[in-house]
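When the sequence shown is numbered by the working numbering, its final residue is 414 and no position is left out of the sequence of numbers.
Backbone N, C-alpha and C define an ideal beta-carbon position, used for all residues, glycine too.
A short write-up of the structure that comes next.
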Amino acid sequence: TFSPDGKKLVFLGYEDKKMGYHNTLVSLMDVADGSIENLTANLDRSVNTVRWTGSSTQLMISYDDFGKKNIATLSMEGELQLLVKDVGGVGISRPYTSGSFSIARNGTIAYTAGSEQRPADLGFANRRGARKLTSLNEDLLGHKTLGEVEEISWRSSVGDHDISGWLVTPPDFDPSQKYPLMLEIHGGPFTAYGPHFSVEVQLYAAAGYVVLYTNPRGSTSYGFDFANEIHHDYPGQDYDDLMSGVDAVIEMGYIDEEQLFVTGGSGGGVLSSWIIGKTDRFAAAAVAKPVINWASMALYSDIPEVVASYWFEKPPWEDYEAYWERSPLSLVGNVSTPTMLIAGESDMRTPMPESEQYYQALKMRGIDSALVRIPESSHGIASRPSNLIAKVDNILAWFARYRNVAPQSY
């Protein structure tokens, strides 16, 4: 977009290094001579949005940082001034980073103000500070007791990494009792969860589960190097980050170790199916819209070039072994966990045949399994509210077959 005086052009982009993940940078072009300067060289984060503030010497940007979306001003010298931290609340299905903002002519900011307990409200910010203006969902949620959301961290068993996560407890939580634990894994893999409202997570907590969601290595908002820990190695040591998180929650003393459950969608489906091929510690799994066979996915997904050129070093016909060794299907011979698969029939990102392959393999091995097909659904199953409810209901029904209904007193 051009500056108000027409002398500068600002745009978002990245230097393509053929890595799995690249930070999106803010670049500034001088219209007169065509010279380009990177304004966010010192910000090891990916910028989502950039706008002129009304002045031709200052920009406003948003970027994700440690699972939260920030709004800041950016000078022509690359200096940042943080304005707002609680942006979010737009994607209510799962607790992904989200949110947007707009700028008035006088520099006042309107933004989506989110929290762990509520979807987005309207926020207002200026030089004197930021505040929430609305309470749009009190008629729906004000009379309900939601699960408490607590941020936790732990040291991974592999590598020198502290991993962030969030723990959601049932509304009537009593730490003297033992509860089932549900590990819920984000997709992407290059995305991030955070302290944001989630219909799915709150419904799981309301059904009596302690829910752990987390940002293992490969997640965004922690910098270029952390995201690319899984470059050409996915799934990989992100598995260890997740298992270390489960261990850390068990050590808190209120989890029934015989009642562990795992679920995730897209990249989370990849990891949940990978997990049950590596361990039998989970009582049941719900694998949503996964990649099961990277070679087949690369050839009929809608992102073949991304898979073959960025996530892998070569196309599958040149290095099939690399694709196979990262495919959950390669571990299906180890699986003993009862597993339900969920996928949209119109999904072009991780097409239905991925789930069908895994379902057939599980059936051939005699593993208790089910396949739920969501009619007319694309990759974003929860984009239609009825599909979101269908997904949650099926997961809860599947897990109920393998859990103790009530928390146990010890």
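Cross-strand partners of W158 (DSSP beta bridge): Residue numbering aside, residue 158 sits at position 154 when the sequence shown is read from its first letter. In the DSSP output, where bridge partners are listed per residue, W158 has I167.
Flag this pair as yes or no: are the beta carbons of I279 and Y243 separated by less than 8 Å? Here the question's residue 279 lines up with position 275 in the sequence shown. Here the question's residue 243 lines up with position 239 in the sequence shown. Yes. Within cutoff.
Which same chain residues, not among the five before or five after L383, have their C-beta less than 8 Å away from its C-beta? For this step, residue 383 is matched to residue 379 along the sequence shown. A small correction: the amino acid at residue 383 is His; Leu does not occupy that position in the sequence shown. Only S270, K293, G348, D351, M352, R353, T354 meet the Cβ criterion.
Counting only the same chain and skipping the five closest in sequence on each side, list residues whose C-beta sits under 7 Å from that of D306. Within the sequence shown, the letter at position 302 stands for residue 306. Same-chain partners within the cutoff: M352, R353.
Going by DSSP, what residues sit across from I280 in a beta bridge? The sequence position of residue 280 within the sequence shown is 276, counting from 1. According to DSSP, which records beta bridges pairwise, I280 is partnered with nothing at all.
If you draw a straight line from the C-alpha of V291 to the C-alpha of M256, how long is it? Along the sequence shown, read from residue 1 onward, the residue named residue 291 stands at position 287. Along the sequence shown, read from residue 1 onward, the residue named residue 256 stands at position 252. Near 27 Å, if we compare the C-alpha coordinates of M256 and V291.
Any contact of the segment 229-247 with the segment 192-204, i.e. 3+ C-beta pairs under 8 Å? yes
Other residues of its chain near P320: CB distance less than 6 Å, five sequence neighbours each side excluded: Counted from its first residue, the sequence shown places residue 320 at position 316. Correct list, in chain order: A299, A302, Y327.
Please state whether the Cβ-Cβ distance between S168 and G71 is less than 8 Å. Working through the sequence shown from its first residue, we reach residue 168 at position 164. Working through the sequence shown from its first residue, we reach residue 71 at position 67. It is a contact, given that the beta carbons lie within the stated cut-off.
Are there three or more Cβ pairs, one per stretch, closer than 8 Å when the segment 216-229 is compared with the segment 63-80? yes
For the alpha helix (DSSP H) containing I399, name the first residue and the last one. The count along the sequence shown starts at 1 and reaches residue 399 at position 395. Segment 389-404, the alpha helix (DSSP H) holding I399.
Pair within 8 Å by beta-carbon distance, P332 and G370: The residue given as residue 332 occupies position 328 in the sequence shown. The residue given as residue 370 occupies position 366 in the sequence shown. No.
Whether G163 touches L216 by CB criterion (8 Å): Taking the sequence shown and counting its residues from 1, the one referred to as residue 163 is at position 159. Taking the sequence shown and counting its residues from 1, the one referred to as residue 216 is at position 212. For G163 and L216, no; Cβs fall outside 8 Å.
is_contact[S373, chain C] using C-beta, thresh 8 Å: In the structure shown, chain C does not exist; there is a single protein chain.
Between the beta-carbon of S4 and the beta-carbon of K367, is there less than 8 Å? Residue 4 falls outside the range modelled here, since the chain spans only 5 to 414, and no answer is possible.
Is the separation between the beta-carbon of L47 and that of L84 shorter than 8 Å? Here the question's residue 47 lines up with position 43 in the sequence shown. Here the question's residue 84 lines up with position 80 in the sequence shown. Cβ distance < 8 Å, so L47 and L84 count as in contact.
I475 in three-state terms, based on DSSP: The requested residue 475 does not occur in the structure, where the chain is confined to residues 5 to 414.
Unbroken stretches of the alpha helix (DSSP H), 4 residues or longer, contained in the segment 118-154: 142-145
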